[in-house]
Amino acid sequence: MAQQTHIRLNDGVEIPQIGFGVWQVDNAEAPKAVKAAIEAGYRSIDTAAIYGNEEGVAAGIRAAGVPREQLFITTKLWNDRHGTQNALKAFDESLKKLRLEYVDLYLIHWPTPRTNLYVETWRALQEIKSSGRAKSVGVSNFKVPHLEHIIGETGIVPVINQIELHPRFQQTVQREFHARHKIVTESWSPLGQGRVMKDPLIAGIAQKHGRTPAQVALRWHIQNGLVAIPKSVTPARIVENFDVFNFELTEDDMAKIATLDNNRGRIGPDPELFT
Ligand code: NAD
């Protein structure tokens, strides 16, 4: 299997381009799934406090036995923990559940603009980063005005924005903003929660390359310079989703997939409204 690829964040840290997402993997299931992913070659795991599986993720990491410094562990602050003191406490709880001395990346999960504490929370994340307990800090589900607001107020640009992104919802305007500000774009639901597997155009490209539709979609993320975090608990699919570093989509394939973009293709909630 070819080497996995990485992207350099604006603070110099490198993140693997394919990580393992564990939303909807329950705490009991997580040890087995995370161990299987690490054994398949994944080094990056994406969890969150709200997923309720940080302890299970910790068990999977321990069971895999890979040195800590080779792993890239992300977790996220939930919406009801915004504000300085809440955020600092929430971070401590996550770190304890993960049984780690540091996480590689800590994210504000949603901006929750109606609560309007995300600038203060963003400052709290700087304190966490300064303590060395999060190597990098960033955000998730921030739209352009939310990013402009935190950058304007603090002067500190997040390393990453983790957003919904898949062939049916490509977020081109948001990605252009990220590129201008050196913010890496990380795609959540990179397989459109399974919907891309049903797309005939992707199926055709997959057939041509002797690959699966999931692999074509993940290759599309990689070749667009994105970080993607597919989720599966099925061992064969966990392996399949990581086996994407030894083939390439053509320019023509990429252009065809670009035509699938649909501004009504969003699956998850609108971050402006979500609390
Ligand atoms: P996904 O796009 O990764 O799709 C996962 C689903 O696709 C699986 O449940 C399975 O049904 C199917 N699947 C996976 N691999 C397959 C394969 N090879 N062949 C056929 N079917 C396959 O969706 P997701 O789980 O929503 O997103 C991935 C990760 O993104 C999550 O686990 C989580 O870590 C992260 N996420 C973050 C946010 C956020 O707000 N920041 C929101 C949603 C998800």
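Heads up, my numbering is the position in the sequence shown plus 1464, with the first residue counted as 1. Think of the CB as a built atom: it goes at the ideal place given N, C-alpha and C, for glycine as much as any other residue.
Taking 7 Å as the cut-off, the C-beta of D1568 does not count as close to any heavy atom of ligand 1. In this structure L1541 is buried. Its beta-carbon is surrounded by 16 or more other beta-carbon atoms within 10 angstroms. Per DSSP, S1558 is not a residue of any beta strand (DSSP E); the alpha helix (DSSP H) it occupies stretches across T1548 to L1562. In the structure shown, the three-state DSSP call for D1716 is helix.
Straight through space, the alpha carbons of E1712 and A1588 are spaced by roughly 41 Å.
If you check the CB distance, H1573 and N1550 do not come in under 8 Å.
Where F1606 is concerned, there is no enclosing alpha helix (DSSP H), because DSSP gives it neither an H nor an E. Not one heavy atom of ligand 1 falls within 7 Å of the beta-carbon of H1673. Taken from the Cβ of D1544, every heavy atom of ligand 1 lies 7 Å or farther away. Ranked by how close their Cα comes to the Cα of L1682, the residues V1697, P1699, E1650 and P1664 have E1650 in first place. Here S1595 is not bridged, per DSSP, to any residue. Under the three-state reduction of DSSP output, V1691 falls in the strand class. When the beta-carbon positions are compared, T1539 and V1567 come within less than 8 Å of each other. Boundaries of the beta strand (DSSP E) around N1625: I1624 to E1628. In the DSSP assignment, R1659 falls outside any beta strand (DSSP E), carrying neither H nor E.
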